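Single-structure report; data block below.
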Amino acid sequence: MLPLPVDHVIMKADPGPRYQYVVGPDGAELVDLWWKASDLIEARRFNAETQVFFHLFTRSNPTVSQPLVLGVQDILAASNFDASKKTVFLVHGWRNTPHHDFNVHLIHAYLVAEDVNLIMVDWSIGAGAIYIVAIANSIRSGEHVAKFISWLNSSTGASLDNYHIIGHSLGGHQAGIIGRNLGGEVAYITALDPALPGWIINPSAFKSTDGKYTEVIHTDLGFAGRIRPLGDVDFYPNRGFNMPGCDSKHCSHHKCIFYMAESLMRGGFTGQRCGSLLQALTGNCSSAETLQMGGTTAKPGNHSATSHGEALPYDPVIRKLDDGLRYQYMEGPDGSLHLVDLWGKASDVAEAARYNPDRQNVYHLYTRNNPTVSQPLLIGSEGLLGITNYNANRRTIVLIHGWLDSVTADFNTVLVPAFLQAEDVNVIVVDWSAGAGTINYFTAVENTLTSGQSVARFLAWLNGVTGAVPSMYHLVGHSLGGHQVGIVGRNLGGQIAYITGLDPAFPGWNTNNEKFKPTDGVYTEVIHTNVGFLGYMATLADADFYPNGGSGMPGCNSNDCDHARCYHYMAESLTRGGFTGRRCLSYLTAITGNCQLLGNLRMGGLVPKTGQSGIFYLETNSSPPFSRG
């Protein structure tokens, strides 16, 4: 056996602990702050000359960028760049991309506030590396951006007196590196919560002399962001940590982006001068002198002080879930109506980021030996698994509930006993109520995806430990859970034998690329009972059933009742069979019940109907037994 190569430690990035948590776009990640030989090798692979990209946005093209390439005059001439206008550069942070909140919010805000050239620096190839390597890459990227600006100015006559550079986290330091490499002549540089890990003794850290006027906004000091003043002016909103509305370091670290965006469009954010850093951190600043934080205009002069202020968050709309109405009524599992916003705001994304399904999802095992009291399962805990009634030789059923539901939802209390009555199986109930329980529907939609990915990881671990195979699985989900079972199957390579979506949710999924797909499993089936309101209307699976035309279920007088009927039908199909559907030409003929094609198919049931496909209509009774045969 060949020995593994020795990966020598070369130096320490910081005098503190070797392993530290660093905030990325998906939350905190444990990183190694000691430089090893392999890190240097990886850093050399990043070529800023060819792997940093520049995207121009202007009021003439506010949403679709125009590429700019160093040395290519023809592309520059064909773009909307106007040297007579101010030029703004945006430099993102670690693990970020052009689509990150930092760019989305600030591009929009600056173009609303002023008619500028806005150039977004995409150094995501360098920023996507492990953290210690990304530090080195940020320096090389900054040097290259400075070269690009020098070329741009010489080609167009633009002046550094008309520049504003803004960077976040690692990009905060990079903004300073750019200015330093341009001789400190850039008019205005803003660092938004410049990163702390790896920068305490780093000589390339942001400096007050990097531009003619430099400003720093600190929102997560001591964890993700630097503590000490770095700019001509340093602002410590809310004392520099624990931003109002946040319950995580990740949220606080990103709040500076929203403060900056609002300062561009609305102003405000008046800071009181503080006599020292300690006064700023305690909010004990009594000077009558004030200064506005952020904004489009530099504030040159003899400031050299810290400022403290109370900040209200800016909450811009990021994207629309659907192209229909923004506000729609949704019924919760108790039948109560909720007016929900289908346009996602910054606060919605921040809330979704606080949900960690790998830690917060709970898995409950039921078998015929424990049909009413569950046994917990925990990813990575083989000892706990070993003392449960789980049997890899039996089929495994996975149930995933919907919005505002939990392990005690009717969906579970109806289907768990039905499955155990019909067959000796393992039933695993996924309780993702930490993600589904938010009254904020947009956030719950976002959480559906991350929960599905986490459930897939759990099942992959379970299979690896027990030898269970995808051909012995049946996934069943309702409403948001109806889409989530598809996401689970997709993340397991489409190899799950049988996936059932029970009236998968409609609001927020019409144009959502993560919705249920026929390829998510070997055989996929959807039962539609409230089409066009709570449930999806069009076909989604290999076989789509529209009992009673997909709405107005007999015995129901509300959308909520219709939406829930599907899991009662599913339960009866497990224990009694029936529910024979007639083949339809299209889902439109299924909705009208005008289906005369040959070839019937049973809805639901224990066994996948692999190889079968189509659209089917059937009628039900108004009370159990629901099936008419």
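Residues in the sequence shown are numbered from 166 upward in steps of one, following this note's numbering.
Ideal Cβ placement from N, Cα and C applies to all residues, glycine included.
Since we're looking at a predicted model, the values are computed, not measured.
The continuous alpha helix (DSSP H) containing Asn-612 extends over residues 606 to 631. Residue pairing of Leu-542 in beta bridges, as defined by DSSP: Tyr-528. With contact defined as three or more Cβ pairs closer than 8 angstroms, the stretch 407 to 417 and the stretch 253 to 273 are not in contact.
Just so you know, the alpha carbons of Thr-615 and Pro-522 end up roughly 7 angstroms apart. Beta-bridge pairing by DSSP links Asn-534 to no other residue. Taking 8 angstroms as the cut-off, the Cβ atoms of Cys-731 and Ile-692 count as close.
By the Cβ neighbour-count rule, Gln-437 is buried, with 16 or more other Cβ atoms within 10 Å of its own. Within its own chain, the residues whose Cβ lies closer than 6 angstroms to the Cβ of Lys-177, once the five positions on either side in sequence are excluded, are Trp-199, listed in chain order. Residues Ala-621, Leu-624, Ala-625, Pro-635 of the same chain have their beta carbon placed closer than 8 angstroms to that of Leu-657, with the five preceding and five following residues left out of the count. Under the criterion of beta carbons closer than 8 angstroms, Leu-325 and Leu-347 qualify as touching, at roughly 6 angstroms. Per DSSP, the continuous alpha helix (DSSP H) segment holding Tyr-296 begins and ends at 296 to 321. In the assembly as shown, Glu-350 is an exposed residue. Its beta-carbon has fewer than 16 other beta-carbons within 10 Å. In this structure, Gly-651 places its C-beta atom within 8 angstroms of the C-beta atom of Ile-664. Note that the C-beta distance between Ala-708 and Glu-690 is below 8 angstroms.
Under the DSSP assignment, Met-430 falls in the alpha helix (DSSP H) whose first and last residues are 414 to 430. Per DSSP, Gln-216 is one residue of the alpha helix (DSSP H) stretching across 213 to 216.
Residue pairing of Glu-194 in beta bridges, as defined by DSSP: Val-187.
With contacts defined by Cβ atoms closer than 8 angstroms, Leu-542 and Ile-483 do not form a contacting pair. Taking a cut-off of 8 angstroms for Cβ pairs, the stretch 584 to 599 and the stretch 728 to 746 touch, as three or more such pairs fall below it. For Gly-341, the uninterrupted alpha helix (DSSP H) segment begins and ends at 335 to 346. Contact between the stretch 495 to 505 and the stretch 525 to 536 is not established, with fewer than three Cβ pairs separated by less than 8 angstroms. Bounds of any beta strand (DSSP E) do not take in Asn-724; it lies within the alpha helix (DSSP H) bounded by 724 to 740.
Inclusion of Lys-464 and Val-563 in the CB contact set at 8 angstroms is not warranted, their separation being larger than that value. If you ignore the 5 residues before and after Pro-481, its C-beta comes within less than 6 angstroms of the C-beta of His-270, Ala-511, all in its own chain and listed in chain order. Going by C-alpha positions, Val-237 is about 44 angstroms away from Arg-183. Rounded to whole angstroms, the gap between the alpha carbons of Ile-392 and Leu-335 is 15 angstroms.
With a beta-carbon spacing of about 5 angstroms, Thr-384 and Asp-358 fall inside the 8 angstroms limit used to define contacts. Judged by beta-carbon spacing, Ile-565 lies within the 8 angstroms limit of Gly-642, meaning their Cβ atoms are closer than that value. Note: Leu-221 is bridge-paired with Gln-231, Ile-284 in the DSSP secondary-structure output. Of all alpha-carbon atoms in Asp-287, Ile-284, Ala-360, the one lying nearest the alpha-carbon of Val-188 is that of Ala-360.
Short of 7 angstroms from the beta carbon of Lys-420, and not among the five residues preceding or following it, lie these beta carbons of its own chain, in chain order: Thr-384, Met-408, Cys-411, Pro-478. In this structure, the straight-line span from the alpha carbon of Pro-669 to that of Leu-221 is close to 40 angstroms. CA-to-CA, the gap between Leu-235 and Ser-428 works out to about 32 angstroms. With a beta-carbon spacing of about 6 angstroms, Gly-459 and Phe-434 fall inside the 8 angstroms limit used to define contacts. In the three-state DSSP reduction, Leu-640 falls in the strand class (E or B). Membership of Asp-513 in the alpha helix (DSSP H) is indicated by the continuous run 511 to 518.
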